[in-house]
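As you go down the protein sequences, you meet chains A and B in turn. Under numbering that gives the first Met the number 0, the first residue of the first sequence carries the number 0, and numbering increases by one thereafter. Under numbering that gives the first Met the number 0, the first residue of the second sequence carries the number 0, and numbering increases by one thereafter. Every residue, glycine too, gets a C-beta built ideally from N, C-alpha and C. None of these values were measured; they are calculated from a predicted model. Only one structure is covered here, and it is reproduced in the block below.
There are 2 protein chains.
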Amino acid sequence: MKVVIIGGMAAGPKTAARLRRLIPNAEIVIVEQGEYTSFGSCGMPFYLGKLVPRFEDLYATSYGVARDSQYFLSYKNIKVLTGTRAVAIDRVKKRVQVLKLSDQERYDIDYDYLVLTTGAEAVVPPIPGLNLPGVFTMHHPSDAQELQKYLLENNSQNFALIGAGVIGMEVADALSARRLKVTVCEAEQQVLPKLLEPDMARLVAWQMRRQKIDLQLECRVQAVNPGADGRVKSLTTSAGEIMTDAVVVAVGVRPRVDLAREAGLELGVTGAVKVDTHLRTSDPSIFAAGDCAAKYNVISGQEVYIPLASSANKQGRVVADNIAGLNTEFNAVMNTTVLQAFDLNIGKTGLGKHEAEALGYTVITGIVSGNDAPHYYPLHGPVTIELIADRQSGRLLGAQVCGEGEGVKRLDVLGTAMKFGASLKDIANLDLGYAPPFAEAIDVAIHAANMLENKRLDMVRGLSSLEVEQLKNDGTNMTMLDVREPDEVRAKPLLEDGLLVIPAGDLRNRYHEIPRDRLVIVICSAGIRSYDAVCFLKSKGFEEAVYLEGGLSTYLK
Amino acid sequence: MKVVIIGGMAAGPKTAARLRRLIPNAEIVIVEQGEYTSFGSCGMPFYLGKLVPRFEDLYATSYGVARDSQYFLSYKNIKVLTGTRAVAIDRVKKRVQVLKLSDQERYDIDYDYLVLTTGAEAVVPPIPGLNLPGVFTMHHPSDAQELQKYLLENNSQNFALIGAGVIGMEVADALSARRLKVTVCEAEQQVLPKLLEPDMARLVAWQMRRQKIDLQLECRVQAVNPGADGRVKSLTTSAGEIMTDAVVVAVGVRPRVDLAREAGLELGVTGAVKVDTHLRTSDPSIFAAGDCAAKYNVISGQEVYIPLASSANKQGRVVADNIAGLNTEFNAVMNTTVLQAFDLNIGKTGLGKHEAEALGYTVITGIVSGNDAPHYYPLHGPVTIELIADRQSGRLLGAQVCGEGEGVKRLDVLGTAMKFGASLKDIANLDLGYAPPFAEAIDVAIHAANMLENKRLDMVRGLSSLEVEQLKNDGTNMTMLDVREPDEVRAKPLLEDGLLVIPAGDLRNRYHEIPRDRLVIVICSAGIRSYDAVCFLKSKGFEEAVYLEGGLSTYLK
Chain A
0 MKVVIIGGMA AGPKTAARLR RLIPNAEIVI VEQGEYTSFG SCGMPFYLGK LVPRFEDLYA
60 TSYGVARDSQ YFLSYKNIKV LTGTRAVAID RVKKRVQVLK LSDQERYDID YDYLVLTTGA
120 EAVVPPIPGL NLPGVFTMHH PSDAQELQKY LLENNSQNFA LIGAGVIGME VADALSARRL
180 KVTVCEAEQQ VLPKLLEPDM ARLVAWQMRR QKIDLQLECR VQAVNPGADG RVKSLTTSAG
240 EIMTDAVVVA VGVRPRVDLA REAGLELGVT GAVKVDTHLR TSDPSIFAAG DCAAKYNVIS
300 GQEVYIPLAS SANKQGRVVA DNIAGLNTEF NAVMNTTVLQ AFDLNIGKTG LGKHEAEALG
360 YTVITGIVSG NDAPHYYPLH GPVTIELIAD RQSGRLLGAQ VCGEGEGVKR LDVLGTAMKF
420 GASLKDIANL DLGYAPPFAE AIDVAIHAAN MLENKRLDMV RGLSSLEVEQ LKNDGTNMTM
480 LDVREPDEVR AKPLLEDGLL VIPAGDLRNR YHEIPRDRLV IVICSAGIRS YDAVCFLKSK
540 GFEEAVYLEG GLSTYLK
Chain B
0 MKVVIIGGMA AGPKTAARLR RLIPNAEIVI VEQGEYTSFG SCGMPFYLGK LVPRFEDLYA
60 TSYGVARDSQ YFLSYKNIKV LTGTRAVAID RVKKRVQVLK LSDQERYDID YDYLVLTTGA
120 EAVVPPIPGL NLPGVFTMHH PSDAQELQKY LLENNSQNFA LIGAGVIGME VADALSARRL
180 KVTVCEAEQQ VLPKLLEPDM ARLVAWQMRR QKIDLQLECR VQAVNPGADG RVKSLTTSAG
240 EIMTDAVVVA VGVRPRVDLA REAGLELGVT GAVKVDTHLR TSDPSIFAAG DCAAKYNVIS
300 GQEVYIPLAS SANKQGRVVA DNIAGLNTEF NAVMNTTVLQ AFDLNIGKTG LGKHEAEALG
360 YTVITGIVSG NDAPHYYPLH GPVTIELIAD RQSGRLLGAQ VCGEGEGVKR LDVLGTAMKF
420 GASLKDIANL DLGYAPPFAE AIDVAIHAAN MLENKRLDMV RGLSSLEVEQ LKNDGTNMTM
480 LDVREPDEVR AKPLLEDGLL VIPAGDLRNR YHEIPRDRLV IVICSAGIRS YDAVCFLKSK
540 GFEEAVYLEG GLSTYLK
């Protein structure tokens with residue numbers, strides 16, 4: 000059997016390696032137009048930030064051997080043709096025409112099975128000046144090296160990012176940590192617009208500004224302008240001119256599907272190559288995997304485009320299994336996306352609020368703040384969680400996290416439970432590992448589920464900080480009731496019209512001081528005491544008492 | 000409605016707090032024989048290790064208010080009677096007789112609902128001398144304080160632990176970190192005998208010895224002996240005399256059920272108070288929760304005794320819900336138990352091998368070693384995972400972790416999936432958060448599931464390090480084939496009879512050197528290359544080729 004794989008980054012080599020184990024005598028060829036194979040692209044921002052010291056580390060095995068053509072040949076008996084571009088597929092004759100880039104030689108390679116792992120390509124927006132020296136994308140292996148070199152050679156001090164998506168945030172963080180003055184221009188109203196709800200994105204934006212990032216939201220870049228030396232010098236934007244020594248354009252990626260399209264393979268609605276659960280394309284002899292292949296969300300069944308090395312590796316394995324006749328399915332996509340930037344662990348799994356609403360769910364959302372370990376344990380960090388659930392059934396539909404603490408662990412638990420159709424009550428009944436170094440006795444993920452279930456059952460009404468601010472902006476007649484301890488109030492005072500300060504321990508004696516003719520918004524540090532207080536106030540006839548979900552950590556910058 | 004709660008540690012206050020929110024006008028009384036309420040007992044080892052600087056931190060809220068009687072009264076309108084022991088329950092008249100310890104006053108308290116949260120008590124083995132000054136248990140809030148004081152006042156240098164269970168390990172770690180010379184005496188053949196499979200426990204034992212713990216296994220303590228000053232001076236054990244300045248006895252806890260037993264409530268097979276899924280005892284007006292209440296494993300349905308603050312808090316909530324008529328069930332127990340000691344993150348969820356076999360499963364187990372983040376990312380740590388599955392269905396039944404890396408995160412994911420009946424294939428299809436700070440592109444938990452599924456399908460044969468050693472001890476005629484790189488071999492050589500060293504990249508040219516008349520055990524650092532090599536060797540007719548699961552990290556001390 001002869002298997003030809005087009006693309007040598009993640010899904011391709013994984014397909015090849017698994018296939019080699021399953022069919023020891025198969026002939027396996029990988030065609031890769033670039034110079035590198037099995038390159039850890041996801042590590043590029045960390046190479047930029049000097050956390051990864053050597054570029055070579057990004058394509059070496061854990062035992063220090065470079066994963067080049069020689070490695071694949073001697074360790075795995077896989078033939079890798081680098082610097083070789085697949086230019087056409089003849090599906091009838093089952094052959095691929097390739098072009099050797101060094102000498103422009105063209106020749107055909109026959110296949111029994113063809114695997115497309117052609118990956119993705121950076122989207123380049125129609126902005127004049129993107130071809131100037133000093134403007135980069137962050138997608139090809141050489142991109143990080145070239146940017147690194149440019150920054151050093153030009154002694155760059157100022158740096159601008161176009162796009163506040165995942166890669167943009169990682170790059171901004173890496174270069175900010177290297178003391179460059181970083182400006183981030185994002186056309187949307189919030190950072191990570193494809194990932195986070197606005198209230199969660201705001202926490203990230205606050206942190207960026209605390210870390211001296213110049214974050215420009217709703218900022219459209221109109222032109223990239225050169226200086227006298229011909230290199231990039233400034234950006235013309237809807238927020239004015241921004242001086243910069245280098246630019247990274249990170250507005251997203253799209254599947255690289257020219258070859259598939261020209262071969263007449265079906266594409267999906269996201270533009271990726273359409274595949275079934277066995278990752279077969281519309282041609283049963285051709286599989287597709289990784290960033291060029293369509294994926295489907297487990298909850299919605301809808302096609303989504305979330306290019307990640309984790310999915311690519313899983314898919315490579317599935318393709319190999321099916322070529323070897325093992326009948327393996329891929330149904331892994333929960334839209335899980337995580338990143339670490341600005342000392343925050345950030346992520347999403349499942350559906351966002353609007354995605355869930357678009358599917359017809361009546362959605363309920365809730366935010367909690369907590370710690371990843373008990374407050375008395377010194378190594379604890381804050382975690383804010385937003386959950387999205389179906390109001391009718393209580394089924395969990397989505398989760399988002401943000402904070403210095405270990406929120407991604409909770410995201411993985413919630414995503415796993417969600418995949419099996421878990422309700423909020425199921426989450427509350429999970430037996431998660433408890434000891435002080437790992438969690439609070441009530442894990443913050445369970446706390447979040449309990450909180451949203453209370454809300455779903457209309458036991459108590461909570462508002463997010465954005466909802467509270469909207470009420471303020473609307474001029475709603477209301478009392479803000481701060482129930483924190485005097486020390487806390489002094490350390491971090493709330494400055495609001497109509498503010499009343501009554502510590503939670505005094506509330507049972509002093510609730511008479513609260514006006515009864517208006518909305519009462521109860522506020523504490525994390526949303527626990529204020530929730531308690533609302534339960535109490537309702538029993539005293541304050542029907543219009545609500546609390547600020549997540550407390551002041553989501554409200555004060 | 001009047002609700003009386005006996006026990007003020009975890010489940011009791013949680014029941015009370017939730018109930019207060021659900022029924023604002025209920026009369027709620029907590030009877031606690033000790034001095035403290037809502038005390039974070041799990042934090043005691045960390046107080047001993049000085050990670051938690053002040054004893055008071057262990058019973059304070061996150062905003063610094065001590066959770067004493069005054070707190071419960073003013074913040075929650077809950078009456079707490081400390082220093083008051085419940086001595087008898089009159090179930091017919093629905094009243095509890097209590098004894099005020101300070102003045103021996105006895106009186107009755109009526110109830111509509113009674114909640115038993117009487118907790119657990121330390122098991123004290125029948126060893127002479129346990130009443131000597133310098134001998135402690137680690138269960139009551141005062142225990143940590145008194146031990147702390149004793150160590151300081153006596154300038155103790157040597158410390159001995161009886162029992163290598165969870166608490167014992169945490170205490171040994173804490174005191175070892177304070178430079179005491181620590182001896183651990185464990186009667187069983189391994190540390191953490193109720194938690195870990197022997198191969199996993201061995202990894203912990205190696206680490207303890209690397210950290211200069213004097214670990215004595217299969218060591219029975221026969222007597223605790225005083226010195227001339229009357230204080231503890233030595234232990235007489237099956238391993239000889241051990242000199243020590245202080246002793247902690249940590250051989251386990253059992254439910255404290257005297258009151259329940261005397262009231263005629265049914266007890267379960269573990270000795271805990273029998274409850275239904277709503278946590279009602281055999282008397283419908285009496286609930287039980289926390290360490291005194293029976294729990295049932297979700298997979299087996301069998302009663303288990305795993306006293307943890309996490310379950311206690313969940314159960315307290317469930318009791319309150321049911322008293323308030325909300326019809327909430329508790330079905331959370333996956334036997335999840337975790338600890339951090341000797342720089343290792345250690346844990347178990349689900350069933351152990353023998354537990355699964357006892358339920359009639361044909362069990363298959365597998366061990367993998369990996370990292371919690373990519374090797375090129377500097378902040379990564381090793382994780383060893385052992386999975387236990389049903390050979391027939393591939394259903395995951397249990398998981399154990401050990402390593403410096405973030406294994407407990409994987410345990411939480413695996414435990415969550417397991418609760419929903421996940422198979423190894425389901426685990427392989429999880430969409431876990433991937434970015435270099437959080438995981439390898441193929442998360443080590445997914446790697447573990449893939450590995451065991453391969454083994455289940457008889458695609459390849461792996462042996463654990465203990466199995467390999469057993470073959471060696473049996474005098475089996477075999478070749479050990481080390482396929483690591485020359486640098487690795489030099490740094491950490493294998494010293495074995497019949498050793499053959501052929502780097503994985505040379506194997507395809509040099510496999511003729513391997514004897515064909517005997518078992519071949521292929522070995523590498525983590526079990527990846529050796530697995531690859533076995534696949535290759537089988538294709539060349541080496542039917543008796545197997546690989547060492549988890550590689551040398553599980554094999555060399």
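- The region 286-294 of chain B makes contact with the region 304-320 of chain B: 3 or more CB pairs, one atom from each, lie closer than 8 Å.
- Nearest to L413/B by alpha-carbon distance, out of G402/B, L431/B and G404/B, is L431/B.
- Rounded to the nearest whole angstrom, the C-alpha separation of V337/A and V114/B is 43 Å.
- Note: P254/A is bridge-paired with A119/A in the DSSP secondary-structure output.
- Taken in chain order, the members of the region 388-412 of chain B whose beta-carbon sits within less than 8 Å of a beta-carbon on chain A are E405, V407, K408, L410, D411 and V412.
- Beta-carbon to beta-carbon, G369/A and E405/A are separated by about 11 Å, too far to satisfy the 8 Å threshold.
- In this structure, G397/B sits away from T383/B, with a CB-CB distance that is not shorter than 8 Å.
- Within chain A, R20 and P23 have C-beta atoms less than 7 Å from the C-beta of C534/B, given in sequence order.
- Secondary structure note for G406/B: its alpha helix (DSSP H) is the uninterrupted segment G406 to K418.
- Distances from the CA of A323/B to each of E169/B, A9/B and R20/B were compared; the closest alpha carbon is that of R20/B.
- Going by DSSP, R84/A is part of no alpha helix (DSSP H) but of the beta strand (DSSP E) stretching over T83 to D89.
- Interface annotation for the region 361-389 of chain B against chain A: P373, H374, Y375, Y376 and P377, criterion Cβ-Cβ distance under 7 Å.
- In the three-state scheme derived from DSSP, where H, G and I count as helix and E and B as strand, A222/B is classed as strand.
- Annotation note: the region 146-182 of chain A contains the following uninterrupted beta strand (DSSP E) runs of length 3 or greater, listed N- to C-terminal: 157-161.
- Spatial neighbours of V318/B in its own chain (CB-CB distance under 7 Å, excluding positions within 5 residues in sequence) are listed in chain order as T14, V114, L278, F286 and A288.
- For F45/A, the C-beta contacts it makes with chain B under 7 Å involve Y376 and P435, in order along the chain.
- Setting aside the 5 residues that flank it on each side, L191/B is surrounded in the same chain by A200, each with a C-beta closer than 6 Å to its C-beta; the list follows chain order.
- Leaving aside the five residues that flank V488/A on each side, the residues in its chain whose CB is nearer than 7 Å to its CB run, in chain order, D481 and V500.
- By the Cβ-count criterion, T276/A is exposed, with fewer than 16 other Cβ atoms from all chains shown falling within 10 Å of its own Cβ.
- Here DSSP, grouped into helix, strand and coil, assigns R483/A to coil.
- At a cut-off of 8 Å between beta-carbon atoms, I441/A makes contact with chain B.
- Interface annotation, L358/A: not in contact with chain B, CB-CB separation never under 8 Å.
- Judged by their CB atoms, V256/B and L234/B are not nearer to each other than the 8 Å cut-off.
- Cα atoms of V91/A and G549/B: separation of roughly 45 Å, rounded to the nearest angstrom.
- The bridge partners DSSP lists for A287/B are L115/B.
- Around the beta-carbon of G11/A, 16 or more other beta-carbon atoms lie within 10 Å, marking it buried.
- In chain order, L115, P254, V256, A259, L264, E265, L266, T280, A287, C291, A292 and A293 place their CB closer than 8 Å to the CB of V272/B, counting only its own chain and leaving out the 5 sequence neighbours on each side.
- If you check each beta-carbon in the region 297-315 of chain B against every beta-carbon of chain A, the ones closer than 8 Å belong to V297, L307, A308, S309, S310, A311, N312 and K313.
- Restricting attention to D172/B, R84/B and M450/B, the CA atom closest to the CA of D102/B is found in R84/B.
- Distance between V443/B and I426/B, taken at the CA atoms: about 11 Å.
- Following the DSSP letters along the chain, one finds E466/B inside the alpha helix (DSSP H) bounded by residues S464 to N472.
- Inter-residue distance for V165/B and G82/B is about 29 Å (C-alpha atoms, whole angstroms).
- Per DSSP, the beta-bridge partners of L386/B are G365/B and A398/B.
- The beta carbon of P132/B is closer than 6 Å to those of R230 in its chain, skipping five residues each way along the sequence.
- Contacts with chain A at 8 Å (Cβ-Cβ) do not include R255/B.
- Every alpha helix (DSSP H) of 4 residues or more that sits fully in the region 430-455 of chain B is shown, in chain order, as 443-455.
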